[in-house]
Amino acid sequence: MKEENQVAKKKKLPLAYKPLGFALGWVSGALASMAFRATWKAIRHEDDAPDALDRDRGWGEVLLAAAVQGAIFAVVRSAVDRTGAKAIERSTGVWPTAEKGGRD
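Mapping to the UniProt record's numbering: the sequence shown position 28 is 28, numbers consecutive.
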């Protein structure tokens, strides 16, 4: 009976985790944005990073900003997702996703 209960819990948890995963994604985006702004200010001593359509910025500057921003977003998103999954596992005994593999 305990084993059947565990199987039922595993099937329901990924669906129940969806809203939490959405909230964690929003939080990770906000944290990553703050981290990128601080990092860009430390690297270039500017408040605003270049945009791809900024006529006054060169290719190198635009691509550097995009690479730094992408790396920071990936690291923060992974750290927040992993922390959330570990918290769910500690509290329920079940990993929040049924499948193995990456998100994308």
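Just so it is clear, CB atoms sit at the ideal spot from N, CA and C, and this is done for glycine as well. Bear in mind that the values here come from a model prediction, so they are computed numbers and not experimental data.
By the CB criterion at 8 Å, G70 and L24 fall outside the cutoff.
If you check the CB distance, A65 and P50 come in under 8 Å. In the DSSP annotation of this structure, the continuous segment of the alpha helix (DSSP H) that includes T92 starts and ends at 59-92. Annotation: A79 to I72 spans about 11 Å, alpha carbon to alpha carbon.
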